[in-house]
Amino acid sequence: MSHNDAWMQRDLAVLWHPCTQMKDHERLPLIPIRRGEGVWLEDFDGKRYLDAVSSWWVNVFGHANPRISNRIREQLDSLEHVMLAGFTHAPVVELSERLVRITPPGLDRVFYADNGSSGIEVALKMSHHYWINTGQPAKKRFITLSNSYHGETVAAMSVGDVPLFTDTYKALLLDTLKVPSPDCYLRPEGMGWEEHSRNMFAHMEQCLAEHHREVAAVIVEPLIQGAGGMRMYHPIYLTLLREACDRYGVHLIVDEIAVGFGRTGTMFACEQAGITPDFMVLSKALTGGYLPMAAVLTTDTVYQAFYDDYATLRAFLHSHTYTGNPLACAAALATLDIFEQDDVIEANKALSARMASATAHLVDHPHVAEVRQTGMALAIEMVADKAGKLAYPWQERRGLRVYQHAMQRGALLRPLGNVVYFLPPYVITGEQIDFLAEVASEGIDIATRDSLSVAVSDLYPGFRDPG
Ligand SMILES: Cc1ncc(COP(=O)(O)O)c(C=O)c1O
Numbered sequence: 001m002s003h004n005d006a007w008m009q010r011d012l013a014v015l016w017h018p019c020t021q022m023k024d025h026e027r028l029p030l031i032p033i034r035r036g037e038g039v040w041l042e043d044f045d046g047k048r049y050l051d052a053v054s055s056w057w058v059n060v061f062g063h064a065n066p067r068i069s070n071r072i073r074e075q076l077d078s079l080e081h082v083m084l085a086g087f088t089h090a091p092v093v094e095l096s097e098r099l100v101r102i103t104p105p106g107l108d109r110v111f112y113a114d115n116g117s118s119g120i121e122v123a124l125k126m127s128h129h130y131w132i133n134t135g136q137p138a139k140k141r142f143i144t145l146s147n148s149y150h151g152e153t154v155a156a157m158s159v160g161d162v163p164l165f166t167d168t169y170k171a172l173l174l175d176t177l178k179v180p181s182p183d184c185y186l187r188p189e190g191m192g193w194e195e196h197s198r199n200m201f202a203h204m205e206q207c208l209a210e211h212h213r214e215v216a217a218v219i220v221e222p223l224i225q226g227a228g229g230m231r232m233y234h235p236i237y238l239t240l241l242r243e244a245c246d247r248y249g250v251h252l253i254v255d256e257i258a259v260g261f262g263r264t265g266t267m268f269a270c271e272q273a274g275i276t277p278d279f280m281v282l283s284k285a286l287t288g289g290y291l292p293m294a295a296v297l298t299t300d301t302v303y304q305a306f307y308d309d310y311a312t313l314r315a316f317l318h319s320h321t322y323t324g325n326p327l328a329c330a331a332a333l334a335t336l337d338i339f340e341q342d343d344v345i346e347a348n349k350a351l352s353a354r355m356a357s358a359t360a361h362l363v364d365h366p367h368v369a370e371v372r373q374t375g376m377a378l379a380i381e382m383v384a385d386k387a388g389k390l391a392y393p394w395q396e397r398r399g400l401r402v403y404q405h406a407m408q409r410g411a412l413l414r415p416l417g418n419v420v421y422f423l424p425p426y427v428i429t430g431e432q433i434d435f436l437a438e439v440a441s442e443g444i445d446i447a448t449r450d451s452l453s454v455a456v457s458d459l460y461p462g463f464r465d466p467g
């Protein structure tokens, strides 16, 4: 038995993996990873995989980055943790000062949570609580975009709209208002991104006009709807949204969990629209992919609405045990140092141009409807019919074939449905990008062959095509 197999068996005897139908592992090998270095992950049999998705979009400066590891080691020697209620410590103060400095002007307060979904819960609760504290308790609903994703906890799911993740739990969800997304994949033939995004804003304007009295906040993923298939839109939508939220007295929550820290080509996506939201939620790349942490930044106006004598019961009595953990703060500080010292946002321009040129040929592929890109995120949409943009039925799991091919070739590509995407660590090289593009092209060829060599029902016994 190989080392991989041995670990896989031990794992499958006791673990339940995230976002996984565990029965898939009767056929799909689970990959036990022994170590990581830079863009590479290495399994227990010594095979290496180029991590094209930054391990769920977190690992921006590579695995086992010595600059981050050393900073955490230093922190370990002095303070591993202290609760943040009634106490503070140097890394959390320094990190908060830096986050206030680098985020859009006006975001002057930082509240911590310990993962992205919890950060979203904080922003939603804080927004509604603000309206209670300022005498407008009826403002308790949230407006969201179709196809959005904000996490897995119940309120975060409520403001999401990816049916695969939310439909089962419908009965538990908050009553939110959904507005069609400005997603430019769906724009009419020949129309530009800006015009489409601007046109789609009419739906948001109408919703705000009708419901603003009962709405606490609008929540959006700025520029890229990640889990919804890396769908993208133009910054004009955010500019219009900021202006309308101000006009209607509604908060704007911007979820930069996936896109913050350089993914869209600027440090934060909001910068491209020149806006300051009322709440900005950060996580994922915040700690360079080392430790779970989320930060919710907000304005002094929001903060002041909670600041009062204890007996008024206006305080935000929300906590997570690991709020502001010093090790996570140290990882975040090291990550911010790298951004600053290496002028990463500027350096990424060449990498993002290389991603574009390496995949340009795929535009002509008979089963590729679109190759789209925003900064360091690039997505390739596979379709059954190019002219009509007809999607492959999800049951065929074509993306899984790309994944399997890539794993054989030594690349970790993990498509979202029919969308193959690259969200690589920023330490990737031009040659490595070319390699990913080559593997993705081969994978797409294999996955879109009309008569697949293995029938879906063969791969998944018991599978019945509902069609
Ligand atoms: C935009 C966005 N918001 C929220 C989340 C949830 O973050 P977490 O998985 O840390 O709870 C994610 C995770 O993928 C995300 O992409």
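Going left to right, the sequence shown walks through residues 1 to 467 as the UniProt record's numbering numbers them.
Backbone N, C-alpha and C fix where the C-beta goes; we use that ideal spot for every residue, glycine too.
Measure the alpha-carbon distance for G36 versus E210 and round it to whole angstroms.
One-based indexing of the sequence shown puts residue 36 at position 36. One-based indexing of the sequence shown puts residue 210 at position 210. Answer to the nearest angstrom: the Cα atoms are 52 Å apart.
Going by alpha carbons, who is nearest to Q75 out of A330, A406, R48?
Within the sequence shown, the letter at position 75 stands for residue 75. Minimum Cα distance to Q75 is reached at A330.
If we ignore side chains and look at the alpha-carbon of each, how far apart do H129 and L282 end up?
Within the sequence shown, the letter at position 129 stands for residue 129. Within the sequence shown, the letter at position 282 stands for residue 282. Distance between the alpha carbons of H129 and L282 is about 20 Å.
On the three-state DSSP scale, how would you describe M407?
Taking the sequence shown and counting its residues from 1, the one referred to as residue 407 is at position 407. Residue state for M407 is assigned as helix, using DSSP reduced to three classes.
Where residue 471 and N147 are concerned, what is the direct C-alpha to C-alpha distance, given to the nearest angstrom?
Summary: the structure shown does not reach residue 471, with the chain confined to residues 1 through 467, and so no result is reported for it.
Please state the DSSP three-state secondary structure of Y149.
Within the sequence shown, the letter at position 149 stands for residue 149. In this structure, DSSP gives Y149 a state outside helix and strand, which the three-state scheme calls coil.
Grouping DSSP H, G and I as helix and E and B as strand, with all else coil, what is D246?
Taking the first residue of the sequence shown as position 1, residue 246 is located at position 246. Secondary structure of D246 (DSSP, three-state): helix.
Under DSSP, the beta strand (DSSP E) around T374 begins and ends at which residues?
Counting from 1 along the sequence shown, the entry for residue 374 is found at position 374. Here the beta strand (DSSP E) through T374 covers 368-374.
By Cβ distance, which residues of its chain are closer than 7 Å to H318, with the 5 residues on each side in sequence left out?
For the purposes of this step, residue 318 is identified with residue 318 of the sequence shown, where counting begins at 1. Same-chain partners within the cutoff: V122, K125.
Would you kindly work out how many angstroms separate the C-alpha atoms of D465 and W394, rounded to a whole number?
For the purposes of this step, residue 465 is taken as residue 465 along the sequence shown, with counting starting at 1. For the purposes of this step, residue 394 is taken as residue 394 along the sequence shown, with counting starting at 1. Note that D465 scores 32 on pLDDT, short of 50, meaning its location in the model is unreliable; the coordinates nonetheless yield the value given after this. For D465 and W394, the distance between alpha carbons rounds to 10 Å.
Let me check one thing: in DSSP terms, what residues is R109 bridge-paired to?
Taking the sequence shown and counting its residues from 1, the one referred to as residue 109 is at position 109. According to DSSP, which records beta bridges pairwise, R109 is partnered with T298.
With DSSP as the reference, please indicate the residues paired to D51 in a beta bridge.
By one-based count along the sequence shown, residue 51 stands at place 51. DSSP, once it has assigned bridges, lists L412 as partnering D51.
Let me confirm a value: R372 is counted as buried when at least 16 other C-beta atoms fall within 10 Å, else exposed. Which label applies?
The residue given as residue 372 occupies position 372 in the sequence shown. Counting Cβ neighbours within 10 Å, R372 comes out buried, since at least 16 surround it.
Rounded to the nearest angstrom, how far is the Cβ of N133 from that of F306, given a contact under 8 Å?
Against the sequence shown, residue 133 aligns to sequence position 133. Against the sequence shown, residue 306 aligns to sequence position 306. N133 to F306, Cβ: 6 Å. Contact.
For L327 versus H81, is the C-beta spacing smaller than 9 Å?
Numbered from 1 along the sequence shown, position 327 holds the residue referred to as residue 327. Numbered from 1 along the sequence shown, position 81 holds the residue referred to as residue 81. In this structure, L327 sits near H81, with a CB-CB distance shorter than 9 Å.
Which term fits G274, buried or exposed, when burial requires 16 or more other beta carbons within 10 angstroms of its beta carbon?
The sequence position of residue 274 within the sequence shown is 274, counting from 1. When all chains shown are included, G274 counts as exposed.
Just curious, the beta strand (DSSP E) that W40 is in, first and last residue?
Along the sequence shown, one-based indexing puts residue 40 at 40. Note, W40: beta strand (DSSP E), 40-43.
Compare the beta carbon distance of P424 and D51 with 9 Å and say whether it is the shorter of the two.
Position 424 of the sequence shown, counting from 1, holds the residue named residue 424. Position 51 of the sequence shown, counting from 1, holds the residue named residue 51. Taking 9 Å as the Cβ cut-off, P424 and D51 qualify as a contacting pair.
Helix, strand or coil for M293 per DSSP?
In the sequence shown, the residue the question calls residue 293 occupies position 293. In this structure, M293 counts as coil in the three-state DSSP scheme.
To which residues does DSSP link H251 through a beta bridge?
The sequence position of residue 251 within the sequence shown is 251, counting from 1. According to the DSSP secondary-structure assignment, H251 is paired through a beta bridge with A217.
Whole runs of the beta strand (DSSP E) within the segment 2-31, excluding any shorter than 3 residues:
The segment 2-31 contains no whole beta strand (DSSP E) run of 3 or more residues.
Measure the C-alpha to C-alpha separation of E396 and N418 and round it to an integer number of angstroms.
To locate residue 396, count along the sequence shown from 1; it is residue 396. To locate residue 418, count along the sequence shown from 1; it is residue 418. The straight-line gap from Cα to Cα measures roughly 10 Å.
Ligand 1 heavy atom lying under 8 Å from the CB of I253
On the sequence shown, position 253 is the one that residue 253 refers to. Answer for I253: no, Cβ out of range of ligand 1.
Within the continuous beta strand (DSSP E) that includes I33, where are the two ends?
The residue labelled residue 33 in the question sits at position 33 within the sequence shown. 33-37 is the span of the beta strand (DSSP E), which, as asked, contains I33.
Take P235 as the anchor and find which of G228, E195, H203, S54 has the nearest alpha-carbon.
Locating residue 235 in the sequence shown gives position 235, where the first residue counts as 1. Between P235 and the set G228, E195, H203, S54, the nearest pair of CA atoms involves E195.
List the DSSP bridge partners of A377.
As a working mapping, residue 377 is identified with position 377 in the sequence shown. Paired residues: T374.
Extract the residue ranges of the alpha helix (DSSP H) inside the segment 133-180, only unbroken runs of 4 or more that lie entirely within it.
Within the segment 133-180, the runs of alpha helix (DSSP H) at least 4 residues long that lie entirely inside it are, in chain order, 154-158, 163-166.
Boundaries (first-last residue) of the alpha helix (DSSP H) holding V420:
The count along the sequence shown starts at 1 and reaches residue 420 at position 420. It is not in any alpha helix (DSSP H) - V420 instead sits in the beta strand (DSSP E) that spans 419-422.
Starting from the C-beta of A384, find all residues in its chain whose C-beta is less than 6 Å away, skip the five residues before and the five after it, and write them out in chain order.
The residue you call residue 384 lines up with position 384 of the sequence shown. Cβ contact annotation for A384 (same chain, cutoff 6 Å, sequence separation greater than five): L390, Y392, in chain order.
Coarse secondary structure for H63, derived from DSSP in three states:
Looking up residue 63 in the sequence shown gives position 63. Correct three-state label for H63: strand.
Taking the alpha carbon of L252 as the reference point, which residue from R242, A258, E221 has its own alpha carbon closest?
The residue given as residue 252 occupies position 252 in the sequence shown. Closest option to L252, Cα to Cα, is R242.
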